[in-house]
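Using the numbering used here, count along the sequence shown one by one with no gaps and you end on 1227.
No residue lacks a Cβ here, since even glycine has one placed at the ideal position from N, Cα and C.
Just so we're clear, the structure is a prediction, and the values are computed from it rather than from any experiment.
Down below is the structure, laid out as structure tokens.
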Amino acid sequence: MSRHHRWYEDGEEVEDGDDSDNQMEETDSHRDEDTSVDEMDYWLQRCSICFDSQLDLCLEYCRDQFCIDCFERYVTEVVSSSWGLSITKIKCPVCRDCIPYGEWSKYVPQHVIDTYNKYNQPYRSFSRFCPDCQGEVKACEYSRNSGFTRESRIILIQETIKNLILSYDPDIMLDETSQMRRLLTTFDDVYRSYGGHNLQELHKHTVKTLFTWADEREYEVKALAELQSSRFGRLDMKRKFSRVDVLRQASSISKQLVALEVRPEGWKRLQFSHIKNFPFTHCTHCQLELCLQCGEPAHPDANCIVNMEKKIVRNTETADAIETLQWKLKNSRPCPSCYIMINRDEGCNKVDCSYCGHAFCWSCRSSWSEKCGFYQCRDPTTSTSLVTAPNEVEKVSEIKVQLSIYRTKQWDGNNVSLQPYLTSQTELGVPNVFLIQTRLSTTVQA
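See the structure below:
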């Protein structure tokens, strides 16, 4: 092939083939740019989840785009995996912005919407299933059309407090300095003012006053009974003190206070405050009294852990029931906030109560803080403390006594302690960092 030459004024010789090469490079460059633009247009039309199907919808707020199949599967998975008593927010899988209910519900089947509405109600009640009839037992139930107004509920609370006083200690009505008399005055102020009181604090103060008064009356009646005083004789002729009756009426007052709350989050907090102080309720189907904190039949003489220990010691349950109780004792602990038993057989020390939302350390049971570690708690001084309810009679020492009586293979028979309850387990698939660091430090020292 012949090659042509051209001469420039400066005498430099240039081959004509160089121009054709430059033109080819420019053509390739334009072709690459066109290809990049085409690829960009392609991805801009793809689903942000699978990157394969063409987009079918674009969210109004964040403008992220998806195909119908991927978006439907995503929302269905979020709805089916939502649990606890908090309302689940559907978030964009890309930017995590909340998607309004009216928008995401347009792209999913009706049965998904029905499931979401069922388990994401603003006033969702905590419930247990009765161990006898398997009927649902609710702690508190919110009803907007219950027929009670705010004023009528406050009057009902006042009447219940007055009935307690007149039944067991009528002299208090003449003593304006007594706690129960001042409690009545407090509700008079609540009746006259709307929205000026913190229902959370009012509930706490009311329950504390009722428990204190019940303890004082019980102690006084027992002391006077031993002395056979004349005052006890008058009480004996009318009606002896019944702590069970007082707690039943106090529980009724607590439920009325919960019903006064109209804000969903406030109602939820008051519901768990009620469960914390009044864990026992009756099944409306078979009238069995059960504990809302653990789901077992009511055990007023012991906390949930001691009650399970006693069942194992008595050995009156079936083999499967005893095995279940042993598993619960090993993998369950009460939430420090709502006292509901939480089951956990793996994971790190940080636990978020799925009911009340309280974050705490599984090892030391204190609120989650810098002192707590995910796999090794750095505050071992509190690791042997158990959470005890305010009205419990049994102490932690009794648990040690029960363990010394009944030793199982899961526990170390030579060292009776609470250590089996407090040993944290590493999450499956996650390395035990503390153990690795210990081995490394041992190797370096050697």
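Alpha-carbon to alpha-carbon, residue j and residue i
i       : j       : result
Arg854  : Arg844  : 19 Å
Gln902  : Ile1103 : 36 Å
Pro1045 : Lys1003 : 43 Å
Asn944  : Arg963  : 15 Å
Leu965  : Cys1075 : 34 Å
Ile871  : Phe1022 : 53 Å
Gln846  : Gln826  : 8 Å
Gly1138 : Ile1121 : 12 Å
Ser906  : Ile935  : 22 Å
His892  : Tyr972  : 44 Å
Met954  : Leu1028 : 20 Å
Tyr1187 : Glu1098 : Model confidence at Tyr1187 stands at a pLDDT of 40, short of 50, so the residue's coordinates are unreliable and nothing is read from them.
Tyr949  : Lys989  : 18 Å
Gln1157 : Thr1105 : 27 Å
His986  : Lys1049 : 18 Å
Pro1201 : Asp1133 : Interpretation of Pro1201 is limited by its pLDDT of 41, a score under 50 that renders its predicted location unreliable; the figure taken from the coordinates is listed afterwards. Cα to Cα, Pro1201 sits roughly 21 Å from Asp1133.
Ile894  : Ala1083 : 43 Å
Ile725  : Lys887  : No information on residue 725 is available, as it lies outside the stretch 782 to 1227 that the chain covers here.
Cys828  : Phe852  : 9 Å
Ser933  : Glu940  : 10 Å
Val889  : Asp878  : 18 Å
His1080 : Pro1115 : 15 Å
Glu999  : Thr958  : 20 Å
Leu1073 : Ser1135 : 15 Å
Ser861  : Trp885  : 15 Å
Glu748  : Trp824  : Nothing in the structure corresponds to residue 748, since the chain is present only between 782 and 1227.
Pro956  : Ala1100 : Here the sequence assigns Asp to residue 956, which means Pro is not the residue at that position. The straight-line gap from Cα to Cα measures roughly 57 Å.
Thr1163 : Phe1061 : For Thr1163, the predicted model reports a pLDDT of 49, less than 50, meaning its position is unreliable; a value from the coordinates is still stated below. Straight-line Cα distance between these residues: approximately 29 Å.
Ser1150 : Asp822  : 49 Å
Arg928  : Ser974  : Note on identity: in this sequence residue 928 is Gly, with Arg being the wrong assignment. Gly928 and Ser974: Cα-Cα distance of roughly 21 Å.
Gly1261 : Tyr897  : What the structure shows of the chain is the stretch from 782 to 1227, and residue 1261 is not part of that stretch, so it cannot be assessed.
Cys1129 : Val856  : 28 Å
Those residues which DSSP pairs with residue i across a bridge
i       : result
Gln846  : Cys839
Pro1045 : Paired residues: none, contrary to the question.
Phe1080 : A small correction: the amino acid at residue 1080 is His; Phe does not occupy that position in the sequence shown. None; His1080 has no bridge partner.
Leu1071 : Thr1062, Pro1078
Arg1029 : Per DSSP, none; premise fails for Arg1029.
Arg827  : Gln835
Among the options, nearest to residue i - alpha-carbon criterion
i       : options                           : result
Ser834  : Leu840, Cys1072, Glu841, Asp850   : Asp850
Asp1026 : Phe992, Gln1037, Leu1051          : Phe992
Ser1032 : Lys1057, Asp952, Arg1050, Lys1049 : Lys1057
Ile1086 : Leu1110, Asp1133, Thr1097         : Leu1110
Ile1230 : Met1089, Ile942, Asp878           : What the structure shows of the chain is the stretch from 782 to 1227, and residue 1230 is not part of that stretch, so it cannot be assessed.
Asp837  : Cys831, Tyr882, Cys848            : Cys848
Gln1107 : Cys1072, Arg905, Met1089          : Met1089
Phe1053 : Thr1097, His986, Cys921, Ser1150  : Cys921
Asn1055 : Thr1105, Thr967, Ser1118          : For clarity, residue 1055 is His in the given sequence; the question names Asn instead. The option with the nearest alpha carbon to His1055 is Ser1118.
Gly916  : Leu1071, Lys1152, Met954          : Leu1071
Ser1148 : Lys1131, Tyr882, Tyr1156          : Lys1131
Val875  : Tyr882, Asp895, Lys899, Cys831    : Cys831
Ile880  : Tyr900, Val859, Pro890, Ser924    : Val859
Pro951  : Ala1040, Trp994, Asp878           : Trp994
Arg863  : Thr987, Phe929, Ala1079, Tyr900   : The residue you asked about is not Arg; residue 863 is Ser in the sequence shown. Ser863 has its Cα closest to that of Tyr900, out of Thr987, Phe929, Ala1079, Tyr900.
Glu1001 : Lys985, Arg1024, Thr987, Ser924   : Arg1024
Leu937  : Glu957, Arg877, Asp969            : Asp969
Lys919  : Phe1059, Pro890, Ser974           : Phe1059
Ser924  : Leu1051, Leu1041, Ser1113         : Leu1041
Cys873  : Lys1152, Tyr904, Cys839           : Cys839
Tyr842  : Thr869, Ala1079, Tyr882, Thr857   : Tyr882
Leu983  : Glu999, Gln1037, Ser959           : Gln1037
Glu997  : Met961, Gln939, Pro890, Ala1100   : Met961
Gln1030 : Val856, Asp956, Cys1129, Ile946   : Ile946
Tyr904  : Glu820, Val1039, Thr857           : Val1039
Leu1051 : Asn1112, Phe1061, Leu980, Ser1113 : Leu980
Cutoff 8 Å: residue i Cβ touching any chain C Cβ
i      : result
His892 : Absent from the structure is chain C; it holds one protein chain and no more.
Residue i: CB within 7 Å of a non-hydrogen atom of the ligand GDP
i      : result
Cys921 : Summarising the ligand content, the structure contains no ligands, and the ligand GDP is consequently not present.
Given 8 Å, three or more beta-carbon pairs between the stretch 1064 to 1075 and the stretch 910 to 930: yes
Within the stretch 861 to 937, note down every full beta strand (DSSP E) run reaching 3 residues or more, in order along the chain. 908 to 910, 917 to 919
Do the stretch 1138 to 1145 and the stretch 1115 to 1130 touch if we need at least three Cβ pairs shorter than 8 Å? yes
Should the stretch 1045 to 1055 be called in touch with the stretch 1089 to 1099, which here means at least 3 C-beta pairs below 8 Å? No contact exists between the stretch 1045 to 1055 and the stretch 1089 to 1099.
May I have a chain-ordered list of the alpha helix (DSSP H) segments no shorter than 4 residues that lie completely inside the stretch 933 to 989? Listed in chain order, the complete alpha helix (DSSP H) runs (minimum 4 residues) inside the stretch 933 to 989 are 960 to 973.
For the stretch 1089 to 1173, list the alpha helix (DSSP H) runs that are entirely contained and at least 4 residues long, ordered along the chain. Qualifying alpha helix (DSSP H) stretches, in chain order: 1100 to 1112.
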